[in-house]
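Each number in this note's numbering corresponds to the 1-based position in the sequence shown with 105 added.
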Amino acid sequence: MQQFAPQPGFQPHDLLAQGGAGDAQRISGGSEAAGPGDGDEFPNAKKLMLIHTTLRLYGTECFNIFQLNESAGINQAMGAAQEAGGRSGLPRRLHGFMSQRAVLVHFSILGIWRRHMGTMKFLQGKTAFVQGGSRGIGAAIVRRLADEGAVVSFSYASAAAKAEALVDGIAAAGGMAYATRADSADAEALRQALRHAAGRFGALDILVNNAGILPWGFIEELSLETFDRAMAVNVRSAFIASQEAARHMGDGGRIINIGSVNADRMPVAGGSVYAMSKAALVGLTKGMARDLGPRGITVNNVQPGPVDTDMNPADGESAEQLTALMALDRYGRADEIAGLVAYLAGPEAGYITGASLSIDGGFSA
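Here it is in structure tokens:
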């Protein structure tokens with residue numbers, strides 16, 4: 106191995122301006138790394154993809170190697186990087202990344218990480234797919250997972266403008282998200298969206314099944330088409346997405362269904378089919394927890410109460426009636442639901458599985 110002697114004042118991130126783009130492209134797995142920037146070799150989104158790829162390869166070892174580079178010299182750090190690759194169980198062909206320039210680009214990526222990401226976030230290096238993520242609770246979940254360091258892909262059925270605005274907002278905040286148009290009632294479209302996300306990321310760590318519709322009407326009036334559509338979106342899509350995600354998910358993954366407190370309590374007339382669809386998620390969650398438990402994959406069900414969204418606004422015609430049923434005299438916020446989802450997606454929730462957790466302001470108390 107050739108030796109490299111850093112010049113006085115050497116900073117690893119300086120290498121991005123010294124022609125490391127080729128190595129960076131190899132590390133990221135393609136042309137995702139290359140692109141114009143304003144005064145920099147890579148725009149922020151591309152930098153974050155490089156960071157994400159590096160962290161997926163070596164995890165927290167990267168930060169230790171970066172510190173070692175600062176204190177003990179780059180040659181020793183290169184050896185440490187190779188050892189880290191061996192401990193991670195990477196295929197031998199991936200150790201080819203540990204050429205001198207590739208290691209230097211790894212260091213440069215970590216320099217960017219230091220400047221752009223600050224301290225390590227608890228979902229850093231994780232990848233997530235949110236089914237139904239363009240608005241309301243879904244959009245709040247996408248934002249929160251991205252804020253915690255995950256790279257997030259999400260699907261939407263029709264709200265293209267909202268999806269684009271969400272992606273742009275996350276990028277402006279230093280995160281990374283991708284939007285994919287896919288109707289959750291279309292089984293093949295949903296499978297393709299999951300496969301595309303897994304192919305882009307190389308793996309999938311977190312799935313959130315948030316897609317849902319609100320069929321409403323008295324039982325003697327509801328059409329079979331309304332019933333079938335509700336089952337397709339609220340129940341079948343969770344099964345399809347979970348099945349496909351599990352095929353791409355490593356040990357220790359997370360599947361989180363977004364149900365409803367109406368699975369346990371439907372206090373008004375007209376919600377029988379909606380309540381049934383959300384109750385079905387309770388059983389699906391328990392069964393999948395048993396199926397996937399041997400792989401360390403947890404499966405949980407979050408059951409929100411009334412939350413201020415466009416489907417059930419806090420100033421809507423039913424708001425006063427619903428608020429009167431709660432222990433807390435207010436609607437919930439979408440970011441409160443997202444906070445619970447982020448916790449379940451994180452490392453501290455590794456012993457919770459098969460659970461249905463109500464977050465409802467005391468609606469079911």
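Note that the Cβ used here is the ideal one computed from N, Cα and C, for glycine as well.
- In the DSSP assignment, D273 falls within the unbroken alpha helix (DSSP H) covering A265 to A277.
- In the DSSP assignment, Y261 is bridged to R286.
- Annotated as distal: V404 and I442, with beta-carbon spacing of 8 Å or more.
- Straight-line measurement puts the Cα of I324 at about 37 Å from the Cα of S258.
- In this structure, R249 keeps its C-beta atom at 8 Å or more from the C-beta atom of G466.
- Under DSSP, V313 shares a beta bridge with V235 and I361.
- Taking the C-beta atoms as reference points, F306 is found no nearer than 8 Å to P452.
- By the Cβ neighbour-count rule, Q426 is exposed, with fewer than 16 other Cβ atoms within 10 Å of its own.
- Inter-residue distance for A265 and A284 is about 9 Å (C-alpha atoms, whole angstroms).
- Taken in chain order, the complete beta strand (DSSP E) segments of 3 or more residues contained in the segment 385-415 are 403-409.
- Assignment of beta-bridge partners to V378 by DSSP yields no partner.
- A distance below 8 Å separates the beta carbons of N315 and Q236.
- Counting only runs that start and end inside the segment 293-357, the alpha helix (DSSP H) elements of at least 4 residues fall at 329-336 and 342-353.
- Counting only residues of its own chain and dropping the five nearest sequence neighbours on each side, L433 has a CB closer than 8 Å to the CB of G466 and G467.
- The beta carbon of D356 sits closer than 6 Å to those of R400 and G401, all from its chain and outside the five residues before and after it, given in chain order.
- Taking 8 Å as the cut-off, the beta carbon of P418 is found no closer than this to the beta carbon of V366.
- Each residue's CA atom was taken as its position, placing Q229 and E253 some 7 Å apart.
- As computed with DSSP, M281 is found in a beta bridge with V256.
- A direct Cα-Cα distance of roughly 38 Å separates L309 from G421.
- With contacts defined as CB atoms closer than 8 Å, A394 and A368 fail to qualify as a contacting pair.
- Cβ contact annotation for F332 (same chain, cutoff 8 Å, sequence separation greater than five): P320 and V378, in chain order.
- Distance check between M416 and each of I457, G398, L430 and G241 places G241 closest, using alpha-carbon atoms only.
- In the structure shown, the three-state DSSP call for L462 is strand.
- Secondary structure at G243: helix, using DSSP grouped into helix, strand and coil.
- If you draw a straight line from the Cα of D273 to the Cα of H301, it is about 20 Å long.
- In this structure, DSSP gives G437 an extended state, which the three-state scheme calls strand.
- In its chain, beyond the 5 residues on either side, D310 and I402 have a beta carbon closer than 6 Å to the beta carbon of G358.
- Here G392 is exposed: its Cβ has fewer than 16 other Cβ atoms, across all protein chains shown, within 10 Å.
- For the pair M336 and D288, the Cα-to-Cα distance works out to about 14 Å.
- In the three-state DSSP reduction, I457 falls in the coil class, being neither helix nor strand.
- Residue range A424 to T428 is occupied by the alpha helix (DSSP H) that includes Q426.
- Rounded to the nearest whole angstrom, the CA to CA distance from A255 to M371 is 35 Å.
- Rounded to the nearest angstrom, the Cβ distance from A303 to H353 is 4 Å, consistent with a contact under 8 Å.
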